[in-house]
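Step one of this worksheet: look at the structure below.
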Amino acid sequence: MYHRTQTRPVRVGNLTIGGSNKVIIQSMTTTKTADVQATVAEIHRLEEAGCELVRVTVNNLEAAEAIKEIKRQIHIPLVADIHFDHRLALKAIENGIDKVRINPGNIGKRDRVEAVVKACKERGIPIRIGVNAGSLERHILEKYGYPTAQGMLESALHHIRILEELDFHDIIVSMKASDVPLAIEAYRLAAESFNYPLHLGITESGTLYSGTIKSAAGLGTLLSMGIGNTIRVSLSADPVEEVKVARELLKTFHLISNAPTLVSCPTCGRIDIDLIAIANEVEAYLQNIKAPIKVSVLGCAVNGPGEAREADIGIAGARGEGLLFRKGKVVRKIPEAELVSELKKEIDRMAKRYQET
Ligand code: SF4
Numbered sequence: 001m002y003h004r005t006q007t008r009p010v011r012v013g014n015l016t017i018g019g020s021n022k023v024i025i026q027s028m029t030t031t032k033t034a035d036v037q038a039t040v041a042e043i044h045r046l047e048e049a050g051c052e053l054v055r056v057t058v059n060n061l062e063a064a065e066a067i068k069e070i071k072r073q074i075h076i077p078l079v080a081d082i083h084f085d086h087r088l089a090l091k092a093i094e095n096g097i098d099k100v101r102i103n104p105g106n107i108g109k110r111d112r113v114e115a116v117v118k119a120c121k122e123r124g125i126p127i128r129i130g131v132n133a134g135s136l137e138r139h140i141l142e143k144y145g146y147p148t149a150q151g152m153l154e155s156a157l158h159h160i161r162i163l164e165e166l167d168f169h170d171i172i173v174s175m176k177a178s179d180v181p182l183a184i185e186a187y188r189l190a191a192e193s194f195n196y197p198l199h200l201g202i203t204e205s206g207t208l209y210s211g212t213i214k215s216a217a218g219l220g221t222l223l224s225m226g227i228g229n230t231i232r233v234s235l236s237a238d239p240v241e242e243v244k245v246a247r248e249l250l251k252t253f254h255l256i257s258n259a260p261t262l263v264s265c266p267t268c269g270r271i272d273i274d275l276i277a278i279a280n281e282v283e284a285y286l287q288n289i290k291a292p293i294k295v296s297v298l299g300c301a302v303n304g305p306g307e308a309r310e311a312d313i314g315i316a317g318a319r320g321e322g323l324l325f326r327k328g329k330v331v332r333k334i335p336e337a338e339l340v341s342e343l344k345k346e347i348d349r350m351a352k353r354y355q356e357t
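Take 1 as the starting number for the sequence shown in the working numbering and just add one per residue.
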């Protein structure tokens, strides 16, 4: 199955989700949306980390009103997360939102759905249908007894049908569950059933540690199956961590073009330098590098040169010093105290060259 490139391209601000476009990284703010200053500050941190699309909750009129000013101060498209209240959707649209997350089947009377769809159509704004295993419609739960992938698909098709009947097709769909096998199955069924772009997420996945593992297992499986056009990692943590995890995941599947990768060894009895501290420092440094450089940090020269051959640049430790490698070839010896700073200089040079080409 390779669903990703066969999806309908859907415009969101200056981005396109779906078709042959790259997988978009998104996150959600944790601030009160009406607090413009705090929300903008968080969005700027997310942008800096590599977030390409950001969602804010629009749970009251103040939040919907704040969108106008937030939009003025940020650089990436903004999504309004709305539950049930079509007036908030209309206000968010009026204030320049780029995408609305709302389930049309939950809005209520037909004229309310029509009003939201009409406003979205007029401004070229897409709608994300968010199916969540934890909030399936009562009739679906009664039919299946508990949340199932089939039930989630039924829910998605129900909401899609409402929009299609109004000749609205700028749709993105998510099929979230906190249970990883359930989410995988639901997304798989969705990919088999329609060609709207899929927003991947394992909802309420947990803390930075356990949530990262669950997200990697679930989203990684789907990405490797060719499913998913945009990705949001949900963690009980600073949302910047969500973006970092999402970038790492996309890198793993070669779905991101401007991110460096780090190869580091697990260390063993051969080691003579403080490799773990060095690897962590280099990893933190690479967070801000926007170039596809492969960096290797290895504990010794026994396996070092061979293992580092595929890397653009790397170091291998020795007693009190290290060897600097480029493409597996030793360039020079460096005292341990200067290893990291010299490696950073080399990384900067490579990143600069990449940006100039
Ligand atoms: Fe051990 Fe050297 Fe391999 Fe690191 S690179 S795990 S120190 S043999």
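From the three backbone atoms N, C-alpha and C, an ideal C-beta is built for every residue, glycine too.
Contact between Leu-200 and Ala-191 is absent: CB atoms are separated by about 11 Å, not below the 8 Å threshold. Boundaries cannot be given for Ser-135, as no alpha helix (DSSP H) includes it and DSSP labels it neither H nor E. Secondary structure note for Glu-310: it is in no beta strand (DSSP E), with a DSSP letter that is neither H nor E. Counting other Cβ atoms within 10 Å of its Cβ, Asp-98 reaches 16 or more and is therefore classed as buried. Per DSSP, reduced to three states, the secondary structure at Asp-81 is strand.
Following the DSSP letters along the chain, one finds Met-28 inside the beta strand (DSSP E) bounded by residues 24-28. In this structure, Leu-141 lies away from Ser-155, with their beta-carbon atoms at least 7 Å apart.
It is roughly 29 Å from the alpha-carbon of Glu-310 to the alpha-carbon of Lys-214. Selection His-158, Pro-239, Ala-284, Val-233 evaluated against Ala-246 yields Val-233 as nearest (Cα-Cα). Using a Cβ distance threshold of 7 Å, Ile-171 and Ile-127 count as a contacting pair.
Contact between Val-100 and Ile-107 fails: their C-beta atoms lie close to 11 Å from each other, not under 8 Å. Residue side-chain check: Ile-271 places its Cβ nearer than 6 Å to a non-hydrogen atom of ligand 1. Classified as buried, Asn-103 has 16 or more neighbouring CB atoms from the shown chains inside 10 Å of its CB. In this structure, Ile-315 lies away from Val-330, with their beta-carbon atoms at least 7 Å apart.
With respect to Ser-178, Thr-203 sits close: the two C-beta atoms are nearer than 7 Å.
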